[in-house]
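Chains as they are written, first to last, in the numbering used here: chain A, 1 to 343; chain B, 1 to 415.
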C-alpha cells in the first residue's frame, strides 16, 4: 500500500512528466527558431525531420559529442556545479504544477510557495557560473542576473498575493478548481462560456500584468535578457561554457520559461479548465492546460523578437519604483474590494 | 582617476605595460574591460578599452588600426585606373559610393568631365550606396540595442539593392563600377524601371521599421539623452555626415558645394537638435527617404547619350570597338597598361558626401600614371575620434548604443 502510493506511482509520474517536459522544451527551442524566422522573413530550421521538428534533437546530439572545454583560468568545482544548479530548479518546480486534476506529482498545500522557493535558487547557477568563469563579461552577467532576479522575485511574489487573497489557499489545485466553477452575478449562477470570466486574469488584471512582466525578467527573456545580452556582454554568464554544460544552461532557461508559463496559466488563466470541457477526463484537461501554456509561450517568443532591450539601471528602476508600488497597490485594492463585496 | 591621466598613463604599449596599468587601476577598485577587437558589437575590429566603476564608464580609449591595409601607399604604386577596385574596400557597406568619390577626384585632378548621363548614373550610385549603408547601420544599431528583427528586415531591402547592383555592374559587393571619364557600362534594359519601383515602395518599408522603433518606449528610453555630442564638440572633432547633422549642424556637401549636378535635385537635409543617439537615428531614417527621392528624380530625367568619355587618352574605349577596330585596340592597351598621366605638381582635393560622412580624396600628380600622394579622409576615423569624450559617464549598454549610432566602418577608418 505505502510502497505503491508513496513511491512507485510518484516515481512513474515523475519519469513521465519530466521526460514529456524535456521533449516539450526541445520542441520549444524549435518553435522559437521557427517563429522568429517567420517574424524575420526567413524559413528557420526546416531540414531535420518533418518541418525541422527534429532539429533540437540533432542539436542535442551535437552538444553531447562536442568537446567539453574547461578553460584553464576557471574555478573548476563551481564551474562544473553551475550548469547543474541552473537546470535543477525548473525541473523541481514542475513537481507541484497541476497538469490535470489527477496529474500532479505532489499536491502540496503550499504549492506556490514551493515554486517560488525553488525557482529563486535558479539565480545561484547563473551567479556562480558567472563568477567561476573568471571572465569579466561573465562576471558582469552574473552580477546583473543576481540583482535582476532578486528584485523581480519580490514583484512576482506581490503579484500573486491578490490571487491567494481571493482563493484563501496556497494549494494550486484548489486555485484552479475555484476558477472553473462559474460565476455568481446578482444571485444567478452562470456556467458554460461565462465560466471564463471566473479566471483570475479578469479578477486580478493588474496582478496578471505585473506577474507576466516579472516573469519575463525572472526567466531572463528579452526585453530583460541583460545577464546574457549578446551585444554587450558577448554571451554573459555562459561565455566560457561549451558543449553539454552550455546546453544545460540553455535547457534550464527554456524549462524555466515553461514553468513560468505553467504557473501563470494555473494562477491566472484557469489552469486545466475551459468552458466545462474539463469534465471529459484527465486527458482533455491535460490538452487544455498544454494549449494554454503553449499560447503563453508563443507570447514569450513573440515579445522577444519584437522589442529592444532595457538598460540595466532602467530595469532596476522599473522593478523597484514602478512594479513594487503597483504590486502593493494591487494588494490594497484587492483587500478593499473584498471587504466591499464580501467575497 | 581622470580620463586624461589614463591616457597619459597608457604610454607604455607593451604587454607588460598594459598588465601593469590594469593592476594599478584594479588597486583602485576599477575594472578594465577590453572590448574588442573581436566583440559582437564593435562592428569589425574596433578595440575600446573601458575603465569601469561597476557598470559605469570612467574612461574610454580607442585602439584602432586592426584593419590597416596601407591603402594610401598602395595607391602610389598603382595606376589611377587600377586603384579603383581598392576603393570598394574602404567603406565596404557602400562600395559603389566610394568608387564614385575616388573617380570624381581623379577626374578633377586630370581635368576631365564625365558626360551628363554618367553624372546622373553616379548620383544614383551615390544614393544607392547611402541607402545600403544606412540600412545596415540601422539594422546593426537596432540589434545592438536588442531589437534583432529589424536587422533581418533591412536585409530584404538590401537584397533588392544588391540584385540591382549586380545587374548594372556584374558584382554584388565589390562593384568597381566607376571609370575615369564615366561609368563602366550603361544601365541594362529595364534597370531604371526596377529601380523606380523599388524607390516608390521604399518609403513604405522605412515606415515599417519606424513602427517597430521610433515610438517604442524602450527604444526611446535607451536612446534619448544618451551619447550627446554637442555642436561644438562635433565641429571640433571634424564629425561629418548624419553624426554632424544629428548634433544640429546643417552641413551637407550636396547642398554646400554641389558636385555632379546635385544642385539640380530637390531634397531636404534632416537636422537633429540635441545630438543624442535618437537624433542620429532619426537623421538616418529621413536621409534614406530623401535618397529614394533623389533617385526617383534622377531616373525621371536621366539624359540619353554615352556613359563614358570618348577621350581615349583617359578612358577605356567601348569593348565592341576594341574587338573590331585597330585604333581603339591600341588605346585600350595603352589605357589599361599605362593609364592617364597627371601633370607633375598638379593637386586636387575633392570631397563628397558619402553615407558615413565626408569622404575626401587629396591627390597630387607626379607626372606619371601614378599619384605622388593620395590622401584619403575617411569619415569614420573622425567620427570615432569623439568617443573618448562621449563615453565616460555612460554605462556598458550605452556603449553599444553609441557605437551603433555613430555607424562607423573600420575598413574606412583604418584604410
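Just so it is clear, CB atoms sit at the ideal spot from N, CA and C, and this is done for glycine as well.
Query raised in the report: For the stretch 109–156 of chain B, which segments carrying the alpha helix (DSSP H) assignment without a break, of at least 4 residues, lie completely within its bounds, in sequence order?
Result: Runs found: 116–145.
Query raised in the report: Is there a Cβ from chain B that is less than 9 Å from the Cβ of residue 314 of chain A?
Result: yes
Query raised in the report: According to DSSP, what are the bridge partners of residue 62 of chain B?
Result: Residue 62 of chain B has B/48 as its beta-bridge partners, per DSSP.
Query raised in the report: If we call anything under 9 Å between Cβ atoms a contact, is residue 311 of chain B one with residue 181 of chain B?
Result: yes
Query raised in the report: If we cut at 9 Å on Cβ distances, does residue 10 of chain B have a partner in chain A?
Result: The predicted model places residue 10 of chain B with a pLDDT of 49, which falls under 50 and marks its position as unreliable; any figure quoted below should be read in that light. Chain A has no Cβ within less than 9 Å of the Cβ of residue 10 of chain B.
Query raised in the report: Going by beta carbon distance, what residues of the same chain come within less than 7 Å of residue 19 of chain A, once the five residues before and after it are set aside?
Result: none
Query - Residues near residue 283 of chain B by beta carbon distance below 6 Å, same chain, minus five either side - result: 242, 245, 246, 270 and 272
Query - C-beta neighbour in chain A for residue 7 of chain B, strict 9 Å - result: With a pLDDT of 49 at residue 7 of chain B, under the threshold of 50, the predicted position of this residue should be treated as unreliable, though the coordinate-derived value follows. Chain A contact via Cβ: absent.
Query raised in the report: Using a Cβ-Cβ cut-off of 6 Å (strictly less than) and excluding sequence neighbours within five positions of residue 187 of chain B, which residues of its own chain qualify?
Result: 168
Query raised in the report: By Cβ distance, which residues of its chain are closer than 6 Å to residue 214 of chain A, with the 5 residues on each side in sequence left out?
Result: Counting only Cβ-Cβ distances below 6 Å, and skipping sequence neighbours, we find 152, 155 and 156.
**Report entry** Where residue 344 of chain A sits in the DSSP three-state scheme
**Finding:** Absent from the structure is residue 344 of chain A, since the part of chain A shown begins at 1 and ends at 343.
Query raised in the report: How many Å lie between residue 32 of chain A and residue 38 of chain B at the Cα?
Result: 28 Å
**Report entry** Three-state secondary structure assigned by DSSP to residue 372 of chain B
**Finding:** strand
Query raised in the report: Counting contacts by CB-CB distance shorter than 9 Å, is residue 218 of chain B in contact with chain A?
Result: yes
Query - Distance, residue 173 of chain B Cα to residue 6 of chain B Cα - result: Bear in mind that the predicted position of residue 6 of chain B carries a pLDDT of just 48, short of 50, making it unreliable; the figure below should be weighed with that in mind. Cα to Cα, residue 6 of chain B sits roughly 41 Å from residue 173 of chain B.
Query raised in the report: Based on the DSSP output, what are the partners of residue 365 of chain B in its beta bridges?
Result: B/371
Query raised in the report: What does a CB cutoff of less than 6 Å around residue 208 of chain A pick up in its chain, not counting 5 residues either side in sequence?
Result: 201 and 268
Query raised in the report: Does any residue of chain A bring its CB to less than 9 Å from the CB of residue 62 of chain B?
Result: By this cut-off, residue 62 of chain B is not an interface position.
Query raised in the report: residue 310 of chain A versus chain B: which residues are under 9 Å apart at the beta carbon?
Result: 146, 218, 221, 222 and 397
Query raised in the report: So, helix, strand or coil for residue 307 of chain A, using DSSP?
Result: Residue state for residue 307 of chain A is assigned as coil, using DSSP reduced to three classes.
Requested in this report: Consider the Cβ of residue 214 of chain B: report whether some Cβ of chain A lies at a distance smaller than 9 Å.
Outcome: no
Query raised in the report: With a CB to CB cut of under 6 Å and the five nearest residues on each side skipped, what residues in its chain are close to residue 335 of chain B?
Result: 316
Report task. Could you check what DSSP says for residue 349 of chain B in three-state terms: helix, strand or coil? Result -> Correct three-state label for residue 349 of chain B: strand.
**Report entry** Contacting residues, own chain, Cβ-Cβ under 8 Å from residue 120 of chain B (five flanking each side not counted)
**Finding:** So the list reads 261, 298, 301, 302 and 303, once near-sequence residues are dropped.
Query raised in the report: For the ligand SAH, is there a heavy atom less than 8 Å away from the beta-carbon of residue 31 of chain A?
Result: The ligand SAH is not among the ligands present in this structure, which contains no ligands whatsoever.
Query raised in the report: For residue 383 of chain B, which three-state DSSP category applies?
Result: helix
Query raised in the report: Taking Cβ positions only, does residue 62 of chain A come closer than 9 Å to chain B?
Result: no
Report task. May I ask you to list, following chain order, the residues of the stretch 26–48 of chain A that have a beta carbon less than 7 Å from some beta carbon of chain B? Result -> Against chain B - using a Cβ distance shorter than 7 Å - the residues of the stretch 26–48 of chain A are 39, 40, 41 and 42.
Query raised in the report: Along the chain, which unbroken stretches of the alpha helix (DSSP H) at least 4 residues long are found entirely within the stretch 196–251 of chain B?
Result: Listed in chain order, they are 217–223, 231–236 and 242–246.
Query raised in the report: At a CB-CB cut-off below 7 Å, which residues of chain B make contact with residue 209 of chain A?
Result: Correct list: empty, because the minimum Cβ distance to chain B is about 15 Å.
Report task. Starting from the Cα of residue 179 of chain B, find the closest Cα among B/345, B/135 and B/308 and give me that residue. Result -> B/308
Requested in this report: Could you name the residues of chain A that residue 126 of chain B contacts, counting a contact when the two beta carbons are closer than 9 Å?
Outcome: Going along chain A, no residue has its Cβ under 9 Å from residue 126 of chain B, so there is no contact; the nearest lies around 28 Å.
Query raised in the report: Is residue 135 of chain B buried or exposed, if buried means 16 or more other CB atoms sit within 10 Å of its CB?
Result: buried
Requested in this report: Report yes or no: is there a C-beta of chain B within less than 9 Å of the C-beta of residue 429 of chain A?
Outcome: A query on residue 429 of chain A cannot be resolved here, the shown segment of chain A reaching from 1 to 343 and no further.
Query raised in the report: Hey, how far is the Cα of residue 264 of chain A from the Cα of residue 222 of chain A?
Result: 18 Å
Report task. Identify each residue in the stretch 296–307 of chain A for which the Cβ-Cβ distance to at least one residue of chain B is less than 9 Å, and report them in chain order. Result -> 304, 305, 306 and 307
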